[in-house]
Structures are given as C-alpha cells and as structure tokens.
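S.K.:
Chains as they are written, first to last, in the working numbering: chain W, 171 to 284; chain C, 1075 to 1188.
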C-alpha cells in the first residue's frame, strides 16, 4: 500500500515567487497535517484537516501561507510570495482511525528560497 | 496548552552501549505520548506509543519507554545500540480529547559510532 506522497521533493526558488507543495494522503485516512521543520524551531504544526475541513490553522505563519484540501486524496500548501525565511522541510502526514497520534509521514518537500 | 521538552539535543554513544533519551512534557489535561524516529532524508515514523495501561511500552528495533506521570516524563531507552540507530528522535504528545494534533519536541540526535 502506498504511503503519503509529497511533491516536489526539492524546490529551489527565488524570493517573491509562488510555491505550491502537494500531498496525497494514505487512502482511507481522514486527517491530514502539514508540518514545517527547521533547525531553529524544530517541527511546527502549520495546519490540519479532518474530513477535508481545516480544524486548526493557528500555526500558519502569516497570510502568505494558505492550504487547501479539495478532496480526501489531495492537499496543497501554497506560499505566495515566498521569502528566504520560508526555507525549510515541509512534511505532510495523514492519520486514520488506528489511534489518536499515529501519524504517517511523507518524505518531505525541501524548500530553498534564495 | 501542551509542551514537550527534550533535554538533550545531541547524544553520542558507542555501539553496543545503552542509551536513554530524555523527554518531559507539560499539560493541564491527560495526554497520550509517542516517540518518532527520523532517519536522514526521510519522514518520521512511529517508534512506540503510550495510550493507557502498563507504563512500560515496547516499540520497534528494541526500544522501550516508560511513562512516569508524577515526573511528567517519557524517557526512551535501548540496552544496546547499533550503528543503524543513528537518527533523530522526537518525543510527542497529544491531548486525550478529540480534534487535536501532535505536538513535537525539538528532537534529539542520536549518533552511534564504532
């Protein structure tokens, strides 16, 4: 069974450009999470969805960040315009009904903003 | 609100030595506790979890952790480490209530050398 799939794995862009990160959760999972990992701040929860509905977006840094989940099999995290301080690894994770904290993570999207 | 403190950012050990990675948490409500492992350039994967019952829980790869409610700790242990255990380890908590997400500590890098 396929795991959580993220794309792109690596993205290098210039400041001011729009960045779109994509995630396909595990089929049948009803919760999806976006985390950001940096050396300074560790793993930060950005936003999560239950049944495609955003539940908590308090971790989204600012209006430049937006996330959508148009259906149960796809989510996007968009940054517009991007800034160098957005450079990080962005992880998507999904959760089924196996337990409250058992998340399945994708391999991450490494974003570098020059 | 919940928080997780991993007391050591880096732990270097020699192969076949025992290791303990320390984790303390703070929460005003009951929580579930987890350890995740991240190998280089990969996403996180679940190592073990405590939901209820016995305070000593066993996970994959010979790791175990003990929940201590009075000390609000959930330390991870392995009696004899291997080179392949070199990775970053994250302690995480989630409140015992619906509609919440995992909160991670900043991680501990375990480096095993021969």
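All residues carry an ideal CB built from backbone N, CA and C; glycine is no exception.
Quantities reported herein were computed from a predicted structural model and do not represent experimental measurements.
Would you say residue 1174 (chain C) reaches chain W, if we count a Cβ-Cβ gap shorter than 9 angstroms as a contact?
M.R.: Counting from one through the second chain, the residue named residue 1174 (chain C) turns up at place 100. So, interface residue.
S.K.: List, in order along the chain, the chain W residues whose C-beta lies closer than 9 angstroms to that of residue 1164 (chain C)?
M.R.: For the purposes of this step, residue 1164 (chain C) is taken as the residue at position 90 of the second chain. 212 and 213, listed in chain order.
S.K.: Just to confirm my understanding: we take residue 1138 (chain C), look at its own chain, exclude 5 residues before and 5 after, and list those with CB closer than 8 angstroms. What are they?
M.R.: For this step, residue 1138 (chain C) is matched to residue 64 along the second chain. 1122, 1130, 1131, 1132, 1150, 1151 and 1152.
S.K.: What does residue 307 (chain W) touch in chain C if you count any residue whose Cβ is under 7 angstroms from its own?
M.R.: Residue coverage of chain W in this structure runs from 171 to 284, which leaves residue 307 (chain W) outside it and unanswerable.
S.K.: Considering only the beta carbon of each residue, do residue 264 (chain W) and residue 199 (chain W) sit closer than 9 angstroms?
M.R.: Taking the first chain and counting its residues from 1, the one referred to as residue 264 (chain W) is at position 94. Taking the first chain and counting its residues from 1, the one referred to as residue 199 (chain W) is at position 29. Taking 9 angstroms as the Cβ cut-off, residue 264 (chain W) and residue 199 (chain W) qualify as a contacting pair.
S.K.: Does the CB of residue 277 (chain W) have a neighbour CB from chain C at under 9 angstroms?
M.R.: Mapped onto the first chain, residue 277 (chain W) falls at position 107. Yes - at least one Cβ of chain C is within 9 angstroms of the one on residue 277 (chain W).
S.K.: Are at least three pairs of beta-carbons, each pair with one atom in the segment 1159–1171 of chain C and one in the segment 1097–1117 of chain C, less than 8 angstroms apart?
M.R.: Enough Cβ pairs lie closer than 8 angstroms, so yes.
S.K.: Per DSSP, which one or two residues make a beta bridge with residue 277 (chain W)?
M.R.: By one-based count along the first chain, residue 277 (chain W) stands at place 107. Partner(s): none; residue 277 (chain W) has no beta bridge.
S.K.: Taking just the CA atoms, how far does residue 1091 (chain C) sit from residue 1187 (chain C)?
M.R.: Within the second chain, numbered from 1, the residue matching residue 1187 (chain C) stands at position 113. Within the second chain, numbered from 1, the residue matching residue 1091 (chain C) stands at position 17. For residue 1187 (chain C) and residue 1091 (chain C), the distance between alpha carbons rounds to 10 angstroms.
S.K.: Since residue 218 (chain W) meets chain C, which of its residues come closer than 7 angstroms, beta carbon to beta carbon?
M.R.: Position 48 of the first chain, counting from 1, holds the residue named residue 218 (chain W). Residues of chain C passing the Cβ test: 1175.
S.K.: What residue range is occupied by the uninterrupted beta strand (DSSP E) comprising residue 1186 (chain C)?
M.R.: Taking the second chain and counting its residues from 1, one reaches residue 1186 (chain C) at position 112. Start and end: 1182–1187.
S.K.: Where residue 1155 (chain C) and residue 1086 (chain C) are concerned, what is the direct C-alpha to C-alpha distance, given to the nearest angstrom?
M.R.: If you number the second chain from 1, residue 1155 (chain C) lands on position 81. If you number the second chain from 1, residue 1086 (chain C) lands on position 12. The straight-line gap from Cα to Cα measures roughly 11 angstroms.
S.K.: Excluding five sequence neighbours on each side, which residues of the same chain lie with their C-beta closer than 6 angstroms to the C-beta of residue 188 (chain W)?
M.R.: As a position in the first chain, residue 188 (chain W) is number 18, starting the count at 1. Excluding positions up to five away in sequence, the list reads 250.
S.K.: Do you know offhand how far residue 1145 (chain C)'s Cα is from residue 257 (chain W)'s?
M.R.: Locating residue 1145 (chain C) in the second chain gives position 71, where the first residue counts as 1. Locating residue 257 (chain W) in the first chain gives position 87, where the first residue counts as 1. C-alpha separation (whole angstroms): 37 angstroms.
S.K.: If we cut at 9 angstroms on Cβ distances, does residue 249 (chain W) have a partner in chain C?
M.R.: Position 79 of the first chain holds residue 249 (chain W). Chain C contact via Cβ: absent.
S.K.: Expressed to the nearest angstrom, what Euclidean distance is found between the alpha-carbon atoms of residue 243 (chain W) and residue 1089 (chain C)?
M.R.: As a working note, residue 243 (chain W) is residue 73 in the first chain. As a working note, residue 1089 (chain C) is residue 15 in the second chain. Rounded to the nearest angstrom, the two C-alpha atoms are 42 angstroms apart.
S.K.: Quick check: the Cα distance between residue 1134 (chain C) and residue 1084 (chain C), rounded to an integer number of angstroms?
M.R.: Walking along the second chain from the start, residue 1134 (chain C) turns up at place 60. Walking along the second chain from the start, residue 1084 (chain C) turns up at place 10. Distance between the alpha carbons of residue 1134 (chain C) and residue 1084 (chain C) is about 21 angstroms.
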